[in-house]
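My numbering applies: residue 1 is where the sequence shown begins, and numbers increase by one.
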Amino acid sequence: MWISIITLFPEMFQALQVGVIGKAIKENRLILSCVNPRDFTTDARHSVDDRPYGGGTGMIMMVEPLYLALQAAKNAAPTTPTTIYLSPQGQLFNQATALQFKETTSLIFIAGRYEGIDERLIEQEVDQEWSIGDYILTGGELAAMVMVDATVRLLPGVVGDPASITQDSITTGLLKYPQYTRPELALNLPVPDVLLSGNHAAIQTWRLKQSLSRTAQRRPDLLEKRNLTNEEKSLLQALQKEKKPNQK
Ligand code: 4GY
Numbered sequence: 001m002w003i004s005i006i007t008l009f010p011e012m013f014q015a016l017q018v019g020v021i022g023k024a025i026k027e028n029r030l031i032l033s034c035v036n037p038r039d040f041t042t043d044a045r046h047s048v049d050d051r052p053y054g055g056g057t058g059m060i061m062m063v064e065p066l067y068l069a070l071q072a073a074k075n076a077a078p079t080t081p082t083t084i085y086l087s088p089q090g091q092l093f094n095q096a097t098a099l100q101f102k103e104t105t106s107l108i109f110i111a112g113r114y115e116g117i118d119e120r121l122i123e124q125e126v127d128q129e130w131s132i133g134d135y136i137l138t139g140g141e142l143a144a145m146v147m148v149d150a151t152v153r154l155l156p157g158v159v160g161d162p163a164s165i166t167q168d169s170i171t172t173g174l175l176k177y178p179q180y181t182r183p184e185l186a187l188n189l190p191v192p193d194v195l196l197s198g199n200h201a202a203i204q205t206w207r208l209k210q211s212l213s214r215t216a217q218r219r220p221d222l223l224e225k226r227n228l229t230n231e232e233k234s235l236l237q238a239l240q241k242e243k244k245p246n247q248k
């Protein structure tokens, strides 16, 4: 996969050189580059922003440096790239979006700064606009990194065990069950007996029930969207009966 980021702060993307994504880059599963619009300025001040037409506070990223940076990225792409702008006005990014992105060979993310970018660049050059959530960042860089991270871990060979991707909560539509590792007693608390039993069927059922319980408690919206299997329905009924006696 090939990803290029249009950004005034390419240093920020050093954060992707560590861990699983860093390894994907070293193993050439991901080619990640940055293009800085500042490098495409022609005035003495190297300006990349200007005042908004119509007045108001803040500055807007100018078309020209952004456009030239974007053309440089597009020319460097190995296949026709999809160009994505990150902003709170975009569609909400989720796991389904990451699964779509990972099927795209070439991606360009535009990370804006200041109050945003000139709309004409979006109109003419941007294919899709995505948001990571309903809050305002100081720039699109962190949003781009979130999307790169969530997407690249889905590529073949990037995460060691493929089961950890297909078993991702969210992917299954349920939240993750509680997890434990050695020692058996920590903070004076034990590990649930079933996990030490060696009974794999019982462990699977316990984990599914925990996932259902947590999802019902914390994210009922996820449960409502999901088609429940018969086993899941009966586990949920069991949970209902368990909590009724003392209204827990
Ligand atoms: N939320 N999701 C987000 C954002 C702020 C462009 C400078 C978000 O994706 N991006 O908050 N971006 C940027 C938007 C101008 C501020």
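From the three backbone atoms N, C-alpha and C, an ideal C-beta is built for every residue, glycine too.
By the C-beta criterion, the region 142 to 149 is judged to be in contact with the region 5 to 20, since at least 3 inter-stretch pairs fall below 8 Å. Collapsing the DSSP output to three states places residue 221 in a helix.
Ranked by how close their Cα comes to the Cα of residue 134, the residues 92, 201, 231 have 92 in first place. In this structure, the straight-line span from the alpha carbon of residue 113 to that of residue 95 is close to 26 Å.
If the five residues before and after residue 197 are omitted, its C-beta is found closer than 8 Å to the C-beta atoms of 203, all from its own chain and listed in chain order. Going by C-alpha positions, residue 57 is about 8 Å away from residue 115. Going by DSSP, residue 55 is part of no beta strand (DSSP E) at all; its letter is neither H nor E. A Cβ-Cβ distance of about 17 Å is found for the pair residue 129 and residue 67, leaving them out of contact under the 8 Å criterion. Membership of residue 90 in the beta strand (DSSP E) is indicated by the continuous run 82 to 92. In this structure, residue 152 sits near residue 30, with a CB-CB distance shorter than 7 Å. Counting only runs of 4+ residues, the alpha helix (DSSP H) found wholly inside the region 130 to 182 occupies 141 to 152, 163 to 166, in chain order. Spanning the alpha carbons of residue 122 and residue 39 requires a straight line of approximately 20 Å.
Closest in C-alpha terms to residue 60, from the list 33, 89, 80, 117, comes 117. Look at residue 190 here: in three-state DSSP terms it is strand. Within the model, the alpha-carbon separation for residue 17 versus residue 78 is close to 22 Å. DSSP places residue 20 in the uninterrupted alpha helix (DSSP H) bounded by 19 to 26.
Distance from the Cα of residue 150 is smallest, within the candidate group 99, 12, 157, for 99. Cα atoms of residue 65 and residue 205: separation of roughly 57 Å, rounded to the nearest angstrom.
Apart from the 5 residues on each side of it in sequence, residue 209 sits with its Cβ closer than 6 Å to the Cβ of 235 in its chain, given in chain order. If the five residues before and after residue 239 are omitted, its C-beta is found closer than 8 Å to the C-beta atoms of 209, 212, 213, 216, all from its own chain and listed in chain order. Between the beta-carbon of residue 70 and that of residue 125 there is about 6 Å, and that keeps the pair under the 8 Å contact cut.
The continuous alpha helix (DSSP H) containing residue 63 extends over residues 63 to 76.
Boundaries of the alpha helix (DSSP H) around residue 121: 119 to 125. Distance from the Cα of residue 228 is smallest, within the candidate group 37, 172, 188, 245, for 172. When distances are taken from the beta-carbon of residue 56 to the heavy atoms of ligand 1, even the shortest one reaches 6 Å or more.
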